[in-house]
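Chains as they are written, first to last, in this note's numbering: chain A, 13 to 226; chain B, 13 to 226; chain C, 13 to 226. Working notes, structure below.
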Amino acid sequence: MTFSDPAVYTFILEHFGVAVSAVAGALAARGRRVDLFGVVVLALVTALGGGTIRDVCLGATPVFWIQDPRYVATATLFGLGTFIVARRRDPPMNLLELADAFGLAFFTMAGARKSLAFEAGPAIAVALGTITGVAGGIVRDVLLNELPLVFRKEIRLYATAAMLGAGVFVALRVLGLAEPWPAVVGMVTTLGLRLAAIRWDWALPVFEAGNPPR
Amino acid sequence: MTFSDPAVYTFILEHFGVAVSAVAGALAARGRRVDLFGVVVLALVTALGGGTIRDVCLGATPVFWIQDPRYVATATLFGLGTFIVARRRDPPMNLLELADAFGLAFFTMAGARKSLAFEAGPAIAVALGTITGVAGGIVRDVLLNELPLVFRKEIRLYATAAMLGAGVFVALRVLGLAEPWPAVVGMVTTLGLRLAAIRWDWALPVFEAGNPPR
Amino acid sequence: MTFSDPAVYTFILEHFGVAVSAVAGALAARGRRVDLFGVVVLALVTALGGGTIRDVCLGATPVFWIQDPRYVATATLFGLGTFIVARRRDPPMNLLELADAFGLAFFTMAGARKSLAFEAGPAIAVALGTITGVAGGIVRDVLLNELPLVFRKEIRLYATAAMLGAGVFVALRVLGLAEPWPAVVGMVTTLGLRLAAIRWDWALPVFEAGNPPR
């Protein structure tokens, strides 16, 4: 790899996304009676869980982190680092939320692209892209014995931002636009929606019970 | 497809089963602080989760809903529909329970049949048929942060009804009875046991602690 | 198989490990409002869950218990047996803990070995060995709606003991030591660490919140 090789930038972006998800996964364990092993597992699950489910459903096995163990190394390192650093000081949450929105956008497009490469139809590519972006966080919350954050109004548009960005990406690909433009426009869509939702408090409606108690 | 083609009826039965499971999955989210995205995920997981686990364990990948996205469309549609309608009025629970028993019977036989086609032995075909019938509901309850309903006495015979019906189906297949009779008799067994269990309150014993407090 | 065949001993050790895990899985359901079906599912998941996740990630499908249903038979039998016996009397917990430590050591090495056979790199073989040893228990705790025991300080070194033993096994394999010695030394490492951790109360640190309330 040299600096003129686009693979360098893909590598950096991918591992940046993995690192951010791992930090978010590890932080979710704070103050929850989870030991060091648990923290590393939660970091790994958050960072690699969505892509694992995508690969297993597609039959793209061995899954991506078995084929390239550097993903496991990055996630483990940042999980451990978070454990060490965040015991002493609180992390900058705004910065983390921004980085996480970037990771969401990046992984969603990567997931949708891989699904198309494995000959999934357009609707399934959107679904698998969204799964790649959000399923790791769902599994983390299940392991922590919580209602998944991504199902809750409090997180504002998250999966919806991923899904719409994936929809834009797949539509532009189907229309024949050359890469990397579909991915760039899809990422900007997801990122823009997510940040706008945080800024202006956009959220989906909640499923209330039909007959409220009187 | 024409009306004389048995594939038409299979299509209708399958999508009826998917729709019923999706409605049940969406309803489980009522009043649980889950937003619209969460409701659709719970509908999809309930309707497609069991078959996904079966396909992944068999190595029948890409899994069935990647090969035929119409399952995803039906489950999404009925999940959304339930969200819209059930906010206003309570659903007819007796009717839903009846439809759900039908879905359980239908999917269990479909799962057992696919397992035999992938050369699973008879005992494994019974196990995978049962998984196809009940695992979606287990994953839904785990996502909702609840002890799975299917493990609890309150649901009365559910997985047991599926397992016994699958056993009848596999036994008749092994004995060489021509299709569709093994599937028909297996479905009637599961459906009959399930409805009888609801009517007469049949349930399995619960695992109490050995030494009750004195 | 004859008594001079090493396969006999492998068979006995494997099914001993499955039986011990199934008993542990069933016992975890005691006093938790779980019915007989739930108890058997928890026994199966605890005994076969880790290996299932390993096989699915490797693409070694159909998974091992579909290829050899005797694993399902052993786990079901011991799950049922625990349900019947442990309703009356409390099990000998010390003996069970000892047997469980043996099962952990055995399955971890079996998982690491299978991963190497499927051409996983050394780091991934350690990870998949650990997953084989501990993931079944994690899924069981998730189904029971609890924070996984293996993430908690109270269990003392468990996953860590598995991981270090797998590390020793893989290192000796990479160094070219002939089987069965890498597996024997790896098992002794895991078993020794686990029992020492129980005896002397060794545990990993817990992830406390950064700013304790003042």
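Ideal Cβ positions, reconstructed from N, Cα and C, are used throughout, including at glycine. What you are looking at is a predicted structure, and each value in this text was computed from that prediction instead of being measured.
Who are the near neighbours of Asp-17(A) in its chain, counting only those whose CB is closer than 8 angstroms to its CB and skipping five residues on each side?
-> By one-based count along the first sequence, residue 17(A) stands at place 5. Excluding sequence neighbours, Asp-17(A) sits near nothing in its chain.
Look at Ile-150(A) and Pro-160(A) and say whether their C-beta atoms are less than 7 angstroms apart.
-> As a first step, residue 150(A) is located in the first sequence; it is residue number 138 there, counting from the start. As a first step, residue 160(A) is located in the first sequence; it is residue number 148 there, counting from the start. Yes, these two residues count as a Cβ contact at 7 angstroms.
Starting from the Cα of Leu-54(B), find the closest Cα among Phe-90(A), Arg-44(A), Ala-147(A) and Leu-39(A) and give me that residue.
-> The count along the second sequence starts at 1 and reaches residue 54(B) at position 42. The alpha carbon of Leu-54(B) has as its nearest neighbour, out of Phe-90(A), Arg-44(A), Ala-147(A) and Leu-39(A), the alpha carbon of Ala-147(A).
According to DSSP, what are the bridge partners of Val-200(B)?
-> Taking the first residue of the second sequence as position 1, residue 200(B) is located at position 188. For Val-200(B), DSSP assigns no beta-bridge partner whatsoever.
Are the segment 136-146 of chain A and the segment 76-85 of chain B touching by the rule of at least three beta carbon pairs closer than 8 angstroms?
-> Because the criterion of three Cβ pairs below 8 angstroms is met, the segment 136-146 of chain A and the segment 76-85 of chain B touch.
Report back the beta-carbon spacing between Ser-33(A) and Thr-64(A) to the nearest angstrom; my notes put them in contact at under 8 angstroms.
-> Against the first sequence, residue 33(A) aligns to sequence position 21. Against the first sequence, residue 64(A) aligns to sequence position 52. Actually they are not in contact, since the Cβ atoms of Ser-33(A) and Thr-64(A) sit about 13 angstroms apart, beyond 8 angstroms.
Local Cβ density within 10 Å of Val-143(A), reported as buried at 16 or more and exposed below that | By 1-based counting over the first sequence, the position of residue 143(A) is 131. First, the amino acid is wrong: residue 143(A) is Ile here, not Val. Buried is the call here.
Extent of the continuous alpha helix (DSSP H) run through Arg-152(B) | As a first step, residue 152(B) must be located in the second sequence, where it is residue number 140. 134-155 is the extent of the alpha helix (DSSP H) around Arg-152(B).
Could you have a look at Val-218(A) and say whether DSSP puts it in helix, strand or coil?
-> For the purposes of this step, residue 218(A) is taken as residue 206 along the first sequence, with counting starting at 1. Here DSSP, grouped into helix, strand and coil, assigns Val-218(A) to strand.
Cα-Cα separation between Phe-219(A) and Val-84(B), rounded to whole angstroms = Counted from its first residue, the first sequence places residue 219(A) at position 207. Counted from its first residue, the second sequence places residue 84(B) at position 72. Phe-219(A) and Val-84(B): Cα-Cα distance of roughly 21 angstroms.
Rounded to the nearest angstrom, how far is the Cβ of Phe-28(A) from that of Gly-50(B), given a contact under 8 angstroms?
-> Here residue 28(A) refers to the residue found at position 16 of the first sequence. Here residue 50(B) refers to the residue found at position 38 of the second sequence. About 28 angstroms; that fails the 8 angstroms criterion.
Rounded C-alpha distance that separates Leu-155(C) from Val-154(B) | Within the third sequence, the letter at position 143 stands for residue 155(C). Within the second sequence, the letter at position 142 stands for residue 154(B). Straight across, the Cα-Cα distance linking Leu-155(C) with Val-154(B) is about 6 angstroms.
Per DSSP, what kind of secondary structure is Asp-67(A) in: helix, strand or coil?
-> Along the first sequence, one-based indexing puts residue 67(A) at 55. Secondary structure at Asp-67(A): helix, using DSSP grouped into helix, strand and coil.
Can you give the Cα-Cα distance for Asp-102(A) and Leu-108(A), rounded to whole angstroms?
-> Residue 102(A) sits at position 90 when you count from the first residue of the first sequence. Residue 108(A) sits at position 96 when you count from the first residue of the first sequence. When rounded, the distance between both Cα atoms is 11 angstroms.
Using a Cβ cut-off of 7 angstroms (strictly closer), state whether Phe-23(A) contacts chain C.
-> Numbered from its first residue, the first sequence carries residue 23(A) at position 11. By this cut-off, Phe-23(A) is not an interface position.
DSSP beta-bridge partners for Asp-102(B)?
-> Mapped onto the second sequence, residue 102(B) falls at position 90. In DSSP, Asp-102(B) forms no bridge with anything.
Please list the partners that Ile-65(C) has in chain B, where partner means a Cβ-to-Cβ separation under 7 angstroms.
-> Residue 65(C) sits at position 53 when you count from the first residue of the third sequence. The CB of Ile-65(C) never comes closer than 7 angstroms to any CB in chain B; the least such distance is about 10 angstroms.
Per DSSP, which one or two residues make a beta bridge with Asp-47(A)?
-> As a working mapping, residue 47(A) is identified with position 35 in the first sequence. Partner(s): Val-218(C).
Residue-level contact to chain C via CB, Ala-183(B), 7 angstroms cutoff | Translated into the one-based positions of the second sequence, residue 183(B) becomes position 171. The beta carbon of Ala-183(B) does not come within 7 angstroms of any beta carbon belonging to chain C, so the residue lies off that interface.
Extent of the continuous alpha helix (DSSP H) run through Ala-190(B) | One-based indexing of the second sequence puts residue 190(B) at position 178. Here Ala-190(B) belongs to no alpha helix (DSSP H), and DSSP marks it neither H nor E.
DSSP on Gly-29(B), reduced to helix/strand/coil?
-> Taking the second sequence and counting its residues from 1, the one referred to as residue 29(B) is at position 17. DSSP places Gly-29(B) in helix when its eight states are reduced to three.
With a threshold of 16 other CB atoms inside 10 Å of the CB of Thr-22(A), please say whether the residue is buried or exposed.
-> One-based indexing of the first sequence puts residue 22(A) at position 10. Result: exposed.
Rounded to the nearest angstrom, how far is the Cβ of Ala-124(C) from that of Gly-141(C), given a contact under 8 angstroms?
-> Reading the third sequence from its first residue, position 112 is the one you call residue 124(C). Reading the third sequence from its first residue, position 129 is the one you call residue 141(C). Between Gly-141(C) and Ala-124(C) the Cβ distance is about 3 angstroms, and since that is below 8 angstroms, they are a contact.
Throw me the rounded Cβ distance for the Leu-39(B) and Leu-216(A) pair, which I believe falls under 8 angstroms.
-> If you number the second sequence from 1, residue 39(B) lands on position 27. If you number the first sequence from 1, residue 216(A) lands on position 204. No, Leu-39(B) and Leu-216(A) are not in contact; Cβ-Cβ is about 18 angstroms, not under 8 angstroms.
Quick one: using the 10 Å Cβ neighbour count with 16 as the cut-off for buried, is Gly-177(C) buried or exposed?
-> Taking the third sequence and counting its residues from 1, one reaches residue 177(C) at position 165. Label assigned to Gly-177(C): buried.
What's the call for Pro-104(A), buried or exposed, on a 16-neighbour Cβ count within 10 Å?
-> Position 92 of the first sequence, counting from 1, holds the residue named residue 104(A). Result: exposed.
What residue range is occupied by the uninterrupted alpha helix (DSSP H) comprising Phe-76(B)?
-> For the purposes of this step, residue 76(B) is taken as the residue at position 64 of the second sequence. In this chain, the alpha helix (DSSP H) harbouring Phe-76(B) covers 76-79.
Cβ of Pro-160(B) less than 7 angstroms from any chain A Cβ?
-> Along the second sequence, read from residue 1 onward, the residue named residue 160(B) stands at position 148. For Pro-160(B), the answer is no, since every Cβ of chain A falls outside 7 angstroms of its Cβ.
Do we get a CB-CB distance below 7 angstroms when we pair Ile-78(C) with the residues of chain A?
-> Position 66 of the third sequence holds residue 78(C). No, Ile-78(C) lies away from the interface with chain A (no Cβ there is under 7 angstroms from its Cβ).
Leu-203(A) and Phe-114(A) look like a contact to me (Cβ under 8 angstroms); what is the Cβ gap, rounded to whole Å?
-> Here residue 203(A) is taken as the residue at index 191 of the first sequence, counted from 1. Here residue 114(A) is taken as the residue at index 102 of the first sequence, counted from 1. Sure, about 6 angstroms apart at Cβ, within 8 angstroms.
Give a yes or no on whether 7 angstroms exceeds the smallest Cβ distance from Thr-58(A) to chain C.
-> Position 46 of the first sequence holds residue 58(A). Cβ-Cβ to chain C under 7 angstroms: no for Thr-58(A).
Through-space distance from Phe-95(A) to Gly-43(A), alpha-carbon basis = As a position in the first sequence, residue 43(A) is number 31, starting the count at 1. As a position in the first sequence, residue 95(A) is number 83, starting the count at 1. Distance between the alpha carbons of Gly-43(A) and Phe-95(A): 11 angstroms.
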